[in-house]
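Inspection log for the structure reproduced underneath, given as structure tokens.
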Amino acid sequence: MSGATVGGVVPPFVLGGRTWGSRLIAGTGGFRSLAEMESALAATGAELVTVALRRLDPEQKGSLLDVIDRLGLFVLPNTAGCYTARDAVRTAKLAREAFQTDWIKLEVIGDDRTLFPDAVELLRAAEELVGDGFTVLPYTNDDPVLARRLEAVGCAAVMPLGSPIGSGMGIRNPVNIAIIVEQATVPVVLDAGIGTASDAAYAMELGCDAVLVASAISRAAHPTLMAQAVRAAVEAGVAARHAGRIPRKLHAVASTAELGLPDLS
Amino acid sequence: MSSGSAPEGQIAVHLNGAPTLLATDTTVADVVGLAGFAPEARGVAVALDGDVVPRADWTTTTVREGARLEVLTAVAGG
Chain Y
268 MSGATVGGVV
278 PPFVLGGRTW
288 GSRLIAGTGG
298 FRSLAEMESA
308 LAATGAELVT
318 VALRRLDPEQ
328 KGSLLDVIDR
338 LGLFVLPNTA
348 GCYTARDAVR
358 TAKLAREAFQ
368 TDWIKLEVIG
378 DDRTLFPDAV
388 ELLRAAEELV
398 GDGFTVLPYT
408 NDDPVLARRL
418 EAVGCAAVMP
428 LGSPIGSGMG
438 IRNPVNIAII
448 VEQATVPVVL
458 DAGIGTASDA
468 AYAMELGCDA
478 VLVASAISRA
488 AHPTLMAQAV
498 RAAVEAGVAA
508 RHAGRIPRKL
518 HAVASTAELG
528 LPDLS
Chain F
493 MSSGSAPEGQ
503 IAVHLNGAPT
513 LLATDTTVAD
523 VVGLAGFAPE
533 ARGVAVALDG
543 DVVPRADWTT
553 TTVREGARLE
563 VLTAVAGG
């Protein structure tokens, strides 16, 4: 018995030069109320949460940042809603002013039905933002070549989608995610598509370093309960990944020795 | 945006997409206040004609006739 533990076998999660205790990054979109958000975010155990920038809504009640501050979370601004590199770069610079952080979750959308990233604009924006000193975390396709290009321009992670944002379709191309993991030298964060806890566990078993989950928690019937489930799934998944699973075989392998079998004929 | 449409002593701008009259010599810091934010408000950013105005320049940047101002804040998302 090796007595292996999560602490002993699983490497720490280092992202953007910092070590994080949680491998679950939480989105803040889609909650029905700030109170529900606060309860669910606390239950995720997440340390990093995404926020967007929009025009002030006079109807908006309460402050998102107050919730985030009460929970002591690190704000990861995003460029949600940007369709061009130019808009995304400008939004990132606004976010830097607003939150006094160089970290940016870079989203450059190419299609409003699927919300798939625009690869060309994404790469262009990533390169410019890295050059401007940002810690760039790009939401990307499940495309290993694009992931490699994003890494090459200096992104701090690659964040491939499992399936379309908010779709809850899980990981539609696990083989590509595995290839991205295999080649990456920066953290891989599964971003988008998680529908339930098992999807998050699967992402970790495929070798992702973390998952980013928003809708699966915020739009669940009971967000805090789902937050607990996804948190446990992420922890189970990363442990399973490093535990060294048994290989798949076509036929059975008896788990009980034949030696000592009695003759009962 | 029709220049010269504003009454004497005022300028016509677009604030978060809405046509708005401001006093001449209004600064970006003033606009942030008009939008309902405290001067030190965290999570607030301002774009003037598409470009970010650094916080340090809010009190010294004057808004001109026809300006497009966006005052943005943190919202749930992503």
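Protein chains in written order, with the working numbering: chain Y, 268 to 532; chain F, 493 to 570. Idealized CB from N, CA, C, for every residue including glycine. Please read these numbers as outputs of a predicted model, since none were measured by experiment.
DSSP-derived helix/strand/coil call for residue 565/F:
Walking along the second sequence from the start, residue 565/F turns up at place 73. It is a strand residue.
List in chain order: all unbroken alpha helix (DSSP H) runs of 4+ residues lying wholly within the stretch 285 to 335 of chain Y.
Counting only runs that start and end inside the stretch 285 to 335 of chain Y, the alpha helix (DSSP H) elements of at least 4 residues fall at 301 to 311.
Roughly how many angstroms lie between the CA atoms of residue 523/F and residue 323/Y, to the nearest whole one?
Position 31 of the second sequence, counted from the start, is the residue given in the question as residue 523/F. Position 56 of the first sequence, counted from the start, is the residue given in the question as residue 323/Y. For residue 523/F and residue 323/Y, the distance between alpha carbons rounds to 13 Å.
Within the same chain, show all residues whose beta-carbon is closer than 6 Å to that of residue 307/Y, passing over the 5 residues directly before and after it, in chain order.
Here residue 307/Y is taken as the residue at index 40 of the first sequence, counted from 1. 484, 490, 491, 494, listed in sequence order.
Listing by chain order, which chain F residues have their CB less than 7 Å from the CB of residue 511/Y?
Position 244 of the first sequence holds residue 511/Y. Those within 7 Å of residue 511/Y in chain F number zero; the least Cβ separation is about 34 Å.
Residues bridged to residue 536/F [DSSP beta-bridge criterion]
Locating residue 536/F in the second sequence gives position 44, counting from the first residue. Partner(s): 565/F.
With a cut-off of 8 Å on the beta carbons, I'd call residue 339/Y and residue 480/Y a contact; round off their distance for me.
Indexing the first sequence from 1 puts residue 339/Y at position 72. Indexing the first sequence from 1 puts residue 480/Y at position 213. No, residue 339/Y and residue 480/Y are not in contact; Cβ-Cβ is about 19 Å, not under 8 Å.
Could I get the ranges of all uninterrupted alpha helix (DSSP H) runs contained in the stretch 409 to 446 of chain Y, with 4 residues as the minimum, in chain order?
411 to 419
Can you grab the Cα-Cα spacing for the pair residue 383/Y / residue 510/Y, in whole Å?
As a working mapping, residue 383/Y is identified with position 116 in the first sequence. As a working mapping, residue 510/Y is identified with position 243 in the first sequence. Residue 383/Y and residue 510/Y: Cα-Cα distance of roughly 34 Å.
Sequence ranges, beta strand (DSSP E) only - wholly within the stretch 479 to 524 of chain Y, length at least 3:
none
Can you tell me the Cα-Cα spacing of residue 508/F and residue 477/Y, whole angstroms?
As a first step, residue 508/F is located in the second sequence; it is residue number 16 there, counting from the start. As a first step, residue 477/Y is located in the first sequence; it is residue number 210 there, counting from the start. Approximately 36 Å, taken between the alpha carbons.
Own chain, CB closer than 7 Å to residue 425/Y, minus 5 neighbours either side, in chain order:
Walking along the first sequence from the start, residue 425/Y turns up at place 158. Once the five neighbours on either side are set aside, the close Cβ partners of residue 425/Y are 405, 407, 414, 417, 418, 447, 451, 453, 455.
Between the alpha carbons of residue 532/Y and residue 519/Y, how many angstroms are there, rounded?
By one-based count along the first sequence, residue 532/Y stands at place 265. By one-based count along the first sequence, residue 519/Y stands at place 252. Near 24 Å, if we compare the C-alpha coordinates of residue 519/Y and residue 532/Y.
To the nearest angstrom, how far is the alpha carbon of residue 354/Y from that of residue 396/Y?
As a first step, residue 354/Y must be located in the first sequence, where it is residue number 87. As a first step, residue 396/Y must be located in the first sequence, where it is residue number 129. Distance between the alpha carbons of residue 354/Y and residue 396/Y: 12 Å.
Residues of chain Y with CB closer than 8 Å to the CB of residue 525/F, please, in chain order.
Translated into the one-based positions of the second sequence, residue 525/F becomes position 33. Below the 8 Å Cβ cutoff, chain Y contributes no neighbours of residue 525/F, its closest Cβ being approximately 12 Å away.
I believe residue 504/F touches residue 511/F by the beta-carbon criterion, under 8 Å. Please report the beta-carbon distance rounded to the nearest angstrom.
Counting from 1 along the second sequence, the entry for residue 504/F is found at position 12. Counting from 1 along the second sequence, the entry for residue 511/F is found at position 19. Indeed they touch by this definition, with Cβ atoms about 7 Å apart.
Considering only C-alpha positions, which residue in the set 422/Y, 471/Y, 411/Y, 462/Y is nearest to residue 443/Y?
For the purposes of this step, residue 443/Y is taken as the residue at position 176 of the first sequence. If we check each option's Cα against that of residue 443/Y, 411/Y comes out closest.
Hey, how far is the Cα of residue 357/Y from the Cα of residue 344/Y?
Taking the first residue of the first sequence as position 1, residue 357/Y is located at position 90. Taking the first residue of the first sequence as position 1, residue 344/Y is located at position 77. Going from the Cα of residue 357/Y to the Cα of residue 344/Y covers about 13 Å.
Euclidean distance between Cα positions of residue 275/Y and residue 506/Y:
Counting from one through the first sequence, the residue named residue 275/Y turns up at place 8. Counting from one through the first sequence, the residue named residue 506/Y turns up at place 239. Going from the Cα of residue 275/Y to the Cα of residue 506/Y covers about 11 Å.
In chain F, which residues lie less than 8 Å from residue 313/Y when you measure between Cβ atoms?
For the purposes of this step, residue 313/Y is taken as residue 46 along the first sequence, with counting starting at 1. Here the premise fails: no neighbours, minimum Cβ distance about 13 Å.
Does the stretch 298 to 318 of chain Y come into contact with the stretch 558 to 568 of chain F, if we say contact requires no fewer than three beta-carbon pairs (one atom in each stretch) closer than 8 Å?
At 8 Å Cβ cutoff, the stretches touch.
Determine the direct distance from the alpha carbon of residue 469/Y to that of residue 403/Y, and round the result to whole angstroms.
As a position in the first sequence, residue 403/Y is number 136, starting the count at 1. As a position in the first sequence, residue 469/Y is number 202, starting the count at 1. The straight-line gap from Cα to Cα measures roughly 25 Å.
Just the chain Y side, please: which residues come within less than 9 Å of residue 569/F by C-beta, in chain order?
Taking the first residue of the second sequence as 1, we reach residue 569/F at position 77. What residue 569/F touches in chain Y: 294, 295, 296, 297, 317, 318, 319, 320, 321, 345, 347, 348, 481.
Determine the extent of the alpha helix (DSSP H) in which residue 387/Y is found, giving its start and end residues.
For the purposes of this step, residue 387/Y is identified with residue 120 of the first sequence, where counting begins at 1. Taken as a continuous stretch (DSSP letters only), the alpha helix (DSSP H) holding residue 387/Y covers 386 to 398.
For residue 392/Y, collect the residues of the same chain with a Cβ closer than 7 Å to its Cβ; drop the 5 residues on either side in sequence, then sort them by chain order.
Sequence index remark: in the first sequence, residue 392/Y carries index 125 (1-based). So the list reads 352, 355, 356, 373, 375, once near-sequence residues are dropped.
Closer than 8 Å to chain F by CB, residue 606/Y:
Chain Y is shown only over 268 to 532; residue 606/Y falls outside these bounds and no answer can be derived.
Residue environment, residue 516/Y, which counts as buried when at least 16 other CB atoms sit within 10 Å
Taking the first residue of the first sequence as position 1, residue 516/Y is located at position 249. By the neighbour-count rule (16 or more Cβ atoms within 10 Å), residue 516/Y is not buried but exposed.
Could you name the residues of chain Y that residue 546/F contacts, counting a contact when the two beta carbons are closer than 7 Å?
The residue given as residue 546/F occupies position 54 in the second sequence. The contacting residues are 364.
Hey, does residue 372/Y have any beta-carbon neighbour from chain F nearer than 8 Å?
Walking along the first sequence from the start, residue 372/Y turns up at place 105. Yes, residue 372/Y counts as interfacial toward chain F.
When the cut-off is 8 Å and only beta carbons count, does residue 357/Y lie next to chain F?
Taking the first sequence and counting its residues from 1, the one referred to as residue 357/Y is at position 90. Yes, residue 357/Y counts as interfacial toward chain F.
Local conformation of residue 450/Y per DSSP, three classes
Counting from 1 along the first sequence, the entry for residue 450/Y is found at position 183. Correct three-state label for residue 450/Y: helix.
Where residue 458/Y falls: helix, strand or coil (DSSP)
Here residue 458/Y is taken as the residue at index 191 of the first sequence, counted from 1. Residue 458/Y: strand per DSSP, three-state reduction.
Pick from 399/Y, 409/Y, 432/Y that is closest to residue 420/Y, judged by C-alpha positions
Here residue 420/Y refers to the residue found at position 153 of the first sequence. Measuring from the Cα of residue 420/Y, the nearest candidate turns out to be 399/Y.
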